[in-house]
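All remarks here apply to the structure that follows.
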Amino acid sequence: MAEKYTIKVNGIERTVEAETDTLLIDVLREKLDLTGTKRGCDNSTCGSCVVILNGKAVKSCQKKIAQVDGGEVITVEGLSRGKELHPVQKALVEAGAIQCGFCTPGIATELAALFEENPDADEETIMRALNKHLCRCTGYEDIKNGALLAQKLMKDER
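FYI, our numbering numbers position 56 of the sequence shown as 56, with every residue one higher than the one before it.
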């Protein structure tokens, strides 16, 4: 039986009706039409479904809506400010770290959460975060360079 759940998504409180075991990714994509979050593997391997939940990067293919009731979610759509890209998004583009774009939303939200929590993350910490993501198009060097540039841009904005 479907129940009602309330979550704040990209700054807007939303109430959805869903079964308790409905995955967050399905609520975002199918009920809220936020298709930037990608479904890749459904087993927590690829990272394309990462969103920010209560300030932490999480894989939305592993979170049930009942687990996030009352929480705050930021998707890749919520990173930008109107038409202005988030510094992480700008940096990934500038570094040439985007090809097909499938993995990019998860990487962008992962990095945004990381640098919000730890603006001075060292390279090892950044690489640990990036190692949760699979990319089949772009060399990981460009993604790492984009992450380092993003860190700088976010610091410059403070």
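The beta-carbon is built from N, C-alpha and C at its ideal position, and this holds for glycine as well.
Asked                                                                                                                                                                                        : Found
For GLY11, which residues of its own chain have a beta-carbon under 6 Å away from its beta-carbon, when the five flanking residues on both sides are left out?                               : none
Please go through the same chain and pick out, in chain order, the residues whose beta-carbon is closer than 7 Å to the beta-carbon of GLN89, but skip the five residues on each side of it. : LEU79, SER80, ALA108
Note the first and the last residue of the continuous alpha helix (DSSP H) segment covering THR163.                                                                                          : The requested residue 163 is not part of the displayed model; the chain covers only 1 to 158.
Ends of the beta strand (DSSP E) at VAL58?                                                                                                                                                   : 56-59
In its own chain, which residues sit with a C-beta less than 6 Å from the C-beta of THR15, not counting the 5 before and 5 after it?                                                         : LYS4, THR6
Going along the chain, which residues of its own chain have a beta-carbon closer than 6 Å to the beta-carbon of VAL93, five neighbours each way excluded?                                    : none
For LEU24, tell me which candidate among GLY55, GLY40, ALA121, LYS59 has the shortest Cα-Cα distance.                                                                                        : LYS59
What residue range is occupied by the uninterrupted beta strand (DSSP E) comprising ALA18?                                                                                                   : 12-18
Using CA atoms only, rank isn't needed, just tell me which of GLY146, GLU123, ASP33, ALA57 is closest to GLU159.                                                                             : It is not possible to answer for residue 159, since the shown part of the chain is limited to 1 through 158.
Looking at C-beta atoms only, is the number of pairs between the region 138-148 and the region 37-56 that lie closer than 8 Å three or more?                                                 : no
With DSSP collapsed to three states, give me the class of THR125.                                                                                                                            : helix
Out of GLY71, ILE126, ALA147, which has the shortest C-alpha to C-alpha gap to GLY96?                                                                                                        : ALA147
Closest to GLU17 by C-alpha separation, out of ASP26, LYS63, ALA2, would be which residue?                                                                                                   : ALA2
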